[in-house]
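Protein chains: 2
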Amino acid sequence: MDQRTDFLTLSTRDLDAARRFYRDGLGWTPLLDVPGEIVFFQVGFGSVLGFFDAAKFADDLGTGEQPVSGVTLAHNVDSADAVRAVAARAAAAGALVLKEPQEAAFGGFHAHVADPNGVVWEIAYNPGWSVDADGTVRLSTVD
Amino acid sequence: MDQRTDFLTLSTRDLDAARRFYRDGLGWTPLLDVPGEIVFFQVGFGSVLGFFDAAKFADDLGTGEQPVSGVTLAHNVDSADAVRAVAARAAAAGALVLKEPQEAAFGGFHAHVADPNGVVWEIAYNPGWSVDADGTVRLSTVD
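Line by line, the protein sequences give chains D and X. Residue numbers for the first sequence follow the working numbering, so the first one is 1184 and each next one is one higher. Residue numbers for the second sequence follow the working numbering, so the first one is 1184 and each next one is one higher.
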C-alpha cells in the first residue's frame, strides 16, 4: 500500500446543502455530480474530495458505526488482483477487513479495511478514474 | 476559498497504534513525527495526512461533537490577514465559524469553520509549511 491518498469521501446528511455551499457559495467546479448520490471536487494534484449521501454511504460501507465515523480514504490501484493484494497486505499489517474484495457498485472492484483506530480505507480498482501527467483527475461513471 | 485540500487530519484514540501501522506495518515514511501528539505523512502531490492524538485534537478544535466527527480538512494560506479573509468568505457562503481567527498553538494563525453538514475546515497560516515546485511538502514545527 503506497503512501498515497486519492479520494477523501465524507458522509453528508444533506447533499444538496453541500452542493450549494461548495459549488454556488464558494464557486468550486464539480468534477462529477450525480444528483441524489455524490458530488466530487478535485482538491489537489491528483486528489479528489467527495460528498456522498449519508444513506448511500452507509449502504456502500455495509458496516455499523466506526470510531471515526462518516469518512473513508481511497487508495486506487490498477486491477482487481491489485485490490486483493493490497487488501491482504493491509490485513497482514494489522488492518481489519470490513468488506472482502468484491465487485463494486460503481463498476469496478473494491475492498474496505479499517486501520487500528477504525479509519476506513477503500482499496479500489476504478476503470472510470485516471490522473493525467499534470495531475488532472479524469473521473466518469461506468455504464 | 480555492478548490484545494492541503491536510487531512484524523482524530486517533491510539496514536502509537497509528504510527506502528503506517510506519512499521506499511513502511510509510513520516514527514513529521511529534511523539504523543501527531504524526504526518505525505500522501500526494502537496497533500498531507495527519493522525492527531484524540485529546489534543479535541483541545485544538475547542468544540463539542460534530455530525462528522474526528475529521478536519486544512486549507492553508500565506498570512494571518488571508486567514481572516478566507474565514469571512466561508462564513458569507454559509459556514458556521467555530473558532474565530486567532493565534494557533503550532506557531501560526488559524480559524475553524463548519460547512452545512458539519464538516470542519481549518483555515491556516502555517509558517512551518510550504510545497516545492515538484509537490514535495516541507513541514516543521515553529520554535
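C-beta: ideal position from N, C-alpha, C; glycine also. None of the values given here were measured: they were computed from a predicted structure.
Rounded distance between the beta-carbons of X:Leu-1256 and X:Thr-1188, thought under 8 angstroms: Counting from one through the second sequence, the residue named residue 1188 of chain X turns up at place 5. Counting from one through the second sequence, the residue named residue 1256 of chain X turns up at place 73. With a Cβ gap of about 5 angstroms, X:Thr-1188 and X:Leu-1256 count as contacting.
Neighbour flag for X:Arg-1187 against chain D, beta carbons, 8 angstroms: The residue labelled residue 1187 of chain X in the question sits at position 4 within the second sequence. Under the Cβ distance rule, X:Arg-1187 counts among the residues neighbouring chain D, one pair being separated by less than 8 angstroms.
Could you list which residues in chain D have their beta carbon closer than 7 angstroms to that of X:Gly-1277, in chain order? The residue given as residue 1277 of chain X occupies position 94 in the second sequence. Simply Phe-1204, Gly-1208.
Boundaries of the alpha helix (DSSP H) in which X:Ala-1287 is found, first to last residue: Position 104 of the second sequence, counted from the first residue, corresponds to residue 1287 of chain X. Per DSSP, X:Ala-1287 belongs to no alpha helix (DSSP H) and is neither H nor E.
Counting only Cβ-Cβ distances shorter than 9 angstroms, please list the residues of the segment 1296 to 1313 of chain X near chain D, keeping chain order. Within the segment 1296 to 1313 of chain X, the residues whose Cβ lies closer than 9 angstroms to some Cβ of chain D are Asp-1298, Pro-1299, Asn-1300, Gly-1301, Val-1302, listed in chain order.
Environment of X:Pro-1284 [buried if 16+ CB atoms lie within 10 Å]: Your numbering for residue 1284 of chain X matches position 101 in the second sequence. Around the beta-carbon of X:Pro-1284, 16 or more other beta-carbon atoms lie within 10 Å, marking it buried.
Close Cβ partners of X:Arg-1321 (< 6 angstroms) along its chain, the five nearest in sequence each way excluded: As a position in the second sequence, residue 1321 of chain X is number 138, starting the count at 1. In chain order, Ser-1313 place their CB closer than 6 angstroms to the CB of X:Arg-1321, counting only its own chain and leaving out the 5 sequence neighbours on each side.
Who does X:Trp-1211 pair with in a DSSP beta bridge? Within the second sequence, residue 1211 of chain X is the residue found at index 28, counting from 1. Per DSSP, none; premise fails for X:Trp-1211.
Let me see if you follow: with CB-CB separation under 8 angstroms, is D:Leu-1281 close to chain X or not? Here the question's residue 1281 of chain D lines up with position 98 in the first sequence. Chain X, which has no Cβ nearer than 8 angstroms to the Cβ of D:Leu-1281, makes this no.
Mind checking the segment 1224 to 1242 of chain X against chain D and listing, in chain order, the residues whose C-beta falls within less than 8 angstroms of any C-beta there? Those would be Phe-1224, Gln-1225, Val-1226, Gly-1227, Phe-1228, Gly-1229, Ser-1230, Leu-1232, Phe-1234, in chain order.
I'd like to check one pair, D:Val-1303 with D:Ala-1294: are the Cβ atoms closer than 8 angstroms? Here residue 1294 of chain D is taken as the residue at index 111 of the first sequence, counted from 1. Here residue 1303 of chain D is taken as the residue at index 120 of the first sequence, counted from 1. Taking 8 angstroms as the Cβ cut-off, D:Ala-1294 and D:Val-1303 do not qualify as a contacting pair.
In chain X, what lies closer than 8 angstroms to D:Leu-1191 by C-beta? The residue given as residue 1191 of chain D occupies position 8 in the first sequence. The contacting residues are Thr-1188, Leu-1191, Leu-1256.
Run down chain D in chain order and give the residues with a C-beta less than 9 angstroms from the C-beta of X:Ala-1201. Translated into the one-based positions of the second sequence, residue 1201 of chain X becomes position 18. Here the neighbours are Asp-1298, Pro-1299, Asn-1300, Val-1302.
According to DSSP, is D:Val-1266 helix, strand or coil? On the first sequence, position 83 is the one that residue 1266 of chain D refers to. Three-state result, D:Val-1266: helix.
Own chain partners of D:Val-1134 with C-beta closer than 6 angstroms, once the 5 adjacent residues on each side are dropped: Look at the range of chain D in this structure, 1184 to 1326, and you will see that residue 1134 of chain D is not part of it.
Let me know the secondary structure DSSP gives D:Ala-1278 once reduced to three states. Counting from one through the first sequence, the residue named residue 1278 of chain D turns up at place 95. D:Ala-1278: coil per DSSP, three-state reduction.
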